[in-house]
Amino acid sequence: MDTQKECYRKYLESAGVIDALTKVLVSLYEEPDKPKSAIDYVKACLGGPTPAEYDALIAERESLKKELEDARQQIAELQAKVQAQQ
């Protein structure tokens, strides 16, 4: 049992999990105005996007996809014009 725990601890250390959690907890400890939700603070510090950020990224991606498709269409039209003039 101890060997299994030790292996798991080494895994967490090598993956950087212990270091990341320690930094977040120290940051929370040093925060002068403690947040209402410590869990939300930890989530935000570990980099997970909020639902609003996620939705904004999805919308931006869709906009960029449309822009790319428009650019590809314009390239195809210009290539056709060049071919017609040759």
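In the UniProt record's numbering, the protein residues as written are 1 to 86.
For glycine and all other residues, C-beta sits at the position ideal for the given N, C-alpha and C.
- Contact check for Pro35 against Tyr41 passes: the beta carbons are separated by less than 7 angstroms.
- Between the stretch 71-85 and the stretch 46-63 there are fewer than three C-beta pairs closer than 8 angstroms, too few to call the two in contact.
- Setting aside the 5 residues that flank it on each side, Val24 is surrounded in the same chain by Val42, Cys45 and Leu46, each with a C-beta closer than 7 angstroms to its C-beta; the list follows chain order.
- DSSP, reduced to helix, strand and coil, places Ala44 within a helical segment of the structure shown.
- In this model, Ile39 and Leu21 are separated by some 12 angstroms (Cα to Cα).
- For Pro51, the uninterrupted alpha helix (DSSP H) run begins and ends at Pro51 to Gln85, by DSSP.
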